[in-house]
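Heads up: the structure comes next, in structure tokens.
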Amino acid sequence: MSQSTDNSSSPDSRVDAPEPDDAGRYDAAAAQDKWQRFWEEDQTFHVDNDAEGEKRYVLDMFPYPSGDLHMGHAEAFAMGDVLARYWRLRGYTVMHPIGWDSFGLPAENAAMKRNAHPAEWTYQNIDTQVASFKRYGLSLDWSRRLHTSDPEYYRWTQWLFLKFHERGLAYRKESFVNWCPNDQTVLANEQVVQGACERCGAAVTKRKLNQWYFKITDYAQRLLDDMDQLEGHWPDRVLAMQRNWIGRSEGAWVDFRIEGRSAPVRVFTTRPDTLWGATFMAVAPESELAAEIVSEDQRAALEAYAEQTKRVTEIERQSTERPKTGVPLGVTATNPVNGEQVPVYAADYVLADYGSGAVMAVPAHDQRDLDFAKVMGLPVRVVVDTGEEDPNVSGVATAGDGAYVNSPELEGIQTKEQGIRAAVDKLEADGSGEGAVTYRLRDWLLSRQRFWGCPIPVVHTEDGREVPVPEEQLPVELPDMRGEQLSPKGTSPLAAAQEWRSTELADGTPALRDTDTMDTFVDSSWYFYRYCSPNYTDGPFDPEAVATWMPVAQYVGGVEHAILHLLYMRFFTKVLHDMGLVPFTEPMVRLLNQGQVINQGKAMSKSLGNGVDLGKQIDEFGVDAIRLAIVFAGPPEEDIDWADMSPAGSVKFIQRAHRIAVDTTSEVGTDPSGGSTELRRVTHRSIKEIAELIELNRFNVAVARVMELVNATRKTIESVGGADPAVREAAEFIAIALSMVAPYVAEEMWEKLGHAPSVANASWPAYQEELLVADSVTCVVQVQGKVRAKLAISPDAAEDEVIAQALADEGVQRALAGREVRKVIARLPKLVSIVPA
179 MSQSTDNSSS PDSRVDAPEP DDAGRYDAAA AQDKWQRFWE EDQTFHVDND
229 AEGEKRYVLD MFPYPSGDLH MGHAEAFAMG DVLARYWRLR GYTVMHPIGW
279 DSFGLPAENA AMKRNAHPAE WTYQNIDTQV ASFKRYGLSL DWSRRLHTSD
329 PEYYRWTQWL FLKFHERGLA YRKESFVNWC PNDQTVLANE QVVQGACERC
379 GAAVTKRKLN QWYFKITDYA QRLLDDMDQL EGHWPDRVLA MQRNWIGRSE
429 GAWVDFRIEG RSAPVRVFTT RPDTLWGATF MAVAPESELA AEIVSEDQRA
479 ALEAYAEQTK RVTEIERQST ERPKTGVPLG VTATNPVNGE QVPVYAADYV
529 LADYGSGAVM AVPAHDQRDL DFAKVMGLPV RVVVDTGEED PNVSGVATAG
579 DGAYVNSPEL EGIQTKEQGI RAAVDKLEAD GSGEGAVTYR LRDWLLSRQR
629 FWGCPIPVVH TEDGREVPVP EEQLPVELPD MRGEQLSPKG TSPLAAAQEW
679 RSTELADGTP ALRDTDTMDT FVDSSWYFYR YCSPNYTDGP FDPEAVATWM
729 PVAQYVGGVE HAILHLLYMR FFTKVLHDMG LVPFTEPMVR LLNQGQVINQ
779 GKAMSKSLGN GVDLGKQIDE FGVDAIRLAI VFAGPPEEDI DWADMSPAGS
829 VKFIQRAHRI AVDTTSEVGT DPSGGSTELR RVTHRSIKEI AELIELNRFN
879 VAVARVMELV NATRKTIESV GGADPAVREA AEFIAIALSM VAPYVAEEMW
929 EKLGHAPSVA NASWPAYQEE LLVADSVTCV VQVQGKVRAK LAISPDAAED
979 EVIAQALADE GVQRALAGRE VRKVIARLPK LVSIVPA
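Just so we're aligned: 387 in our numbering is position 209 of the sequence shown, and the numbers increase by one with no gaps anywhere.
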């Protein structure tokens, strides 16, 4: 891939195109057709792994093929393309690939409606999106294209699953899971938003199933520790969201002896120093523990309460606003620090998958415990005197620090840290607990009861064995199922594919294939590795190619994936590192989150009638205008309201910029040093500042600088004509800078300026330091706060000289009206403020 500027002006080296009309207007439609064809035939953006030069990998989160491109795609991919094109101009060898996250539920639902196979809908949509991506002028390397639903891709997803299984990181267990009754499939905790399915919005319930998990919890601390590598390169809010989701807590495991149970129940607490205030224990009603310890007299009540609990979401159960409910289990537990017998309750604000499914309840210092205690008439004992009103009176738990009371072993201790340490020491000395660290993070539930996903490469024998499919039999391909065969029945549709499901082991033992498919987030946790060597057949990727290109220099995508995809792909990378397949532990050096494109203050929606059709916008205004409007609208991470956009204004600017190339009449290679010094100063400041702004992701401000340069260049043309050598220098840089956001007009300009295509292969020019310093600056002179004069002064003028010039100015003299000057404040070179007596 060439990175040099070709100054050839030979007609034979230029792309054939219609001559402009007399006004030299830019024809957006003609330019789009022409340059799409050229880029494809020239393979302008193709790059080989062995290409010379320092490499940069720019990656956009790959799209799902649910239909044609929409305004969200237009923004996200425009941002990534700015960086990809900029780094090419800076001389880097850039890989900018594209692919499709092509498994998933929408295709399956569409197939049922159409009585078709999901692949038909999926690949038709991909073809549509391919055409739209090419039209949108993105600098993509199409030779690396992939689809996660291709057998040659999901073969390696299955291979990775087996490697995780070998390392004990993929396992199956029976547990209560999040169940979407609408989509008829389980959901990972991360896919439940405010108690609802993140895809369809249906209220999520609980269901007990035997499911596959990835043991992401084994990597919880490393996921936290390695964020140090990402500080300053990833958005702070993404790192904060991941830290909160992982939820590291330091505290202690405490053993409570339960009446009638030989083994103690181990409970985790972050405040073992408040154990003396524990007046009851609460357990999750649906937990195995509750069913085990409940007295026979209370069993029926527990079973009814547990059934009721299943209909309430976890979000609702943990809400501090929700009235507390529960049932006594008819047994007591022994508080290990003081020997008190405390009653045990089933309470729905306790979750089965948190620790052991049980909590020690300290109602004086935890609001949910206090609310429960008040409903049940349980004692409330203050053990930390925070100086606030007694919770028995106020009904408000006191969660702060203070002096320890009603805790004989802790009284006199001055700090919470000392109190916690003393409590842990006592527990460890008595053999009733130990200091510990726990995490909010739960293992990744990856089973899905749907058809259109990667089959899990495991078979099950009649005697209960789980046997991995041999690697040489991969991929385990999906059978041909369509239409009504795919309808959800509470189990995977694959369960009905008897011929596909029935198989045997190498020794002839009959077996049944696993009928679950994998969460599509498994596919997207490693796709960026495959781009490095998409045709590699000896593994999921070529380790040498990965070492050449990765980690990814810039990743671009939505913040909505902060605790889904971004967490999962970090986990995958750490496992791959431990397997010796990659030399790094974090896959993405920099992350850019783009905002949403909204309309009239709200997310675009058919039901709201505020949707904007990207294709129609492009038809009306052209690709360049849409891209320019989006990039110029504001900082990338902020939402864009399309109602405030002006693609028509972008069209006018593009015509104005294009006309500069038409009006430039000096020859290619003309020495600009004899041209307008004022314009050259603007050009060289623009070269420096725009590069700095792009590096800081301030793309909108960079566009503003291009607009300022266009205005300065037009002013020079109108005053001295297009033959001025400084005009050519400015026009060439305008074309180079515009190529990042408006590639079609940039190509037209570059060609009209006499260069061989493509401007994408040009080089970012160097600026001259001496041209960054202005000959003069404007110094404002104020008298009593009002502007009375503006002086043209040298940037390094002496203070006494400027003050003398200010005082001698006629406007200043009139304002002083003969009065003495009491004080002069000089803030050179911008301001002189005069205060009369």
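Glycine included, C-beta positions come from ideal geometry on N, C-alpha and C.
Worksheet entry | Beta-bridge pairing of residue 350 - partner residues as DSSP gives them | 390
Worksheet item: Hey, residue 930 and residue 840 are a contact pair by Cβ (cut 8 Å); roughly how many whole angstroms apart?
Response: 6 Å
Worksheet item: Just checking, does the segment 268-285 make contact with the segment 761-775 on the three C-beta pairs under 8 Å criterion?
Response: no
Worksheet entry | Unbroken alpha helix (DSSP H) run spanning residue 945, endpoints | From DSSP, residue 945 is part of no alpha helix (DSSP H); its letter is neither H nor E.
Worksheet item: Does the Cβ-Cβ distance between residue 904 and residue 854 come in under 8 Å?
Response: yes
Discussion item. If the criterion is Cβ atoms closer than 8 Å, does the pair residue 459 and residue 558 meet it?
Written reply: no
Worksheet item: Among the residues of its own chain, which have a CB less than 6 Å from the CB of residue 670, if the five just before and after it don't count?
Response: 627, 693, 694
Worksheet item: Can we say the segment 457-477 touches the segment 507-515, given the rule of at least three CB pairs closer than 8 Å?
Response: yes
Fill in: DSSP state of residue 1008 mapped onto helix, strand, coil
coil
Item to complete: Any chance you could list the beta strand (DSSP E) runs of at least 3 consecutive residues sitting entirely within the segment 735-813, in chain order?
Response: 769-772, 775-777
Worksheet item: Between the C-alpha atoms of residue 947 and residue 859, what's the straight-line distance to the nearest angstrom?
Response: 10 Å
Item to complete: Express the C-alpha separation of residue 981 and residue 738 in angstroms, rounding to a whole number.
Response: 57 Å
Discussion item. With the cut-off set at 8 Å, would you say residue 563 and residue 581 are in Cβ contact?
Written reply: yes
Item to complete: Check whether the Cβ atoms of residue 272 and residue 918 lie closer than 8 Å to each other.
Response: no
Worksheet entry | Distance CB(residue 252)-CB(residue 792) smaller than 8 Å | yes
Item to complete: Please determine, among 768, 375, 820, 866, the residue with the shortest C-alpha to C-alpha distance to residue 790.
Response: 820
Discussion item. For the pair the segment 888-904 and the segment 228-243, tell me if three or more CB-CB distances fall below 8 Å.
Written reply: no
Discussion item. Using a 10 Å radius around the Cβ and a threshold of 16 neighbouring Cβ atoms, would you call residue 592 buried or exposed?
Written reply: exposed
Discussion item. Could you give the first and the last residue of the continuous beta strand (DSSP E) run that contains residue 963?
Written reply: Residue 963 -> no beta strand (DSSP E), and no H or E assigned at all.
Worksheet entry | Where residue 614 sits in the DSSP three-state scheme | strand
Item to complete: At 3 residues or longer, and completely inside the segment 487-537: list those beta strand (DSSP E) runs for me, N to C.
Response: 504-512, 519-525
Worksheet item: Who are residue 689's beta bridge partners in DSSP?
Response: 639, 681
Item to complete: Pick out whichever of 943, 757, 606 has its Cα sitting closest to the Cα of residue 338.
Response: 757
Worksheet item: Just how far apart, CA to CA, sit residue 199 and residue 926?
Response: At residue 199, the pLDDT of 48 sits below 50, so the modelled position is not reliable; the number obtained from the coordinates is stated separately. Taking the straight line joining both Cα atoms gives about 14 Å.
Discussion item. Using DSSP's beta-bridge definition, name the partner residues of residue 325.
Written reply: 278
Discussion item. Could you give the first and the last residue of the continuous beta strand (DSSP E) run that contains residue 460?
Written reply: 458-461
Worksheet item: Are residue 955 and residue 1009 close, meaning C-beta to C-beta below 8 Å?
Response: no
Item to complete: Just mark residue 498 as buried or exposed, buried being the case when its beta carbon has 16 or more other beta carbons within 10 Å.
Response: exposed
Item to complete: Would you check if the distance between the CB atom of residue 665 and the CB atom of residue 290 is smaller than 8 Å?
Response: yes
Fill in: Alpha-carbon to alpha-carbon, residue 767 and residue 729
6 Å
Practice prompt. Indicate whether residue 387 and residue 355 have their beta-carbon atoms separated by less than 8 Å.
Written response: yes
Item to complete: Put residue 385 into one of helix, strand or coil per three-state DSSP.
Response: strand
Worksheet item: If you draw a straight line from the alpha carbon of residue 448 to that of residue 604, how long is it in whole angstroms?
Response: 15 Å
Worksheet item: From the beta carbon of residue 594, is the nearest beta carbon of chain D less than 8 Å away?
Response: You won't find chain D in this structure, because it holds only one protein chain.
Worksheet item: Going by alpha carbons, who is nearest to residue 504 out of 531, 476, 516?
Response: 476
Worksheet item: Does the segment 806-816 come close enough to the segment 878-889 to have 3 or more Cβ pairs within less than 8 Å?
Response: yes
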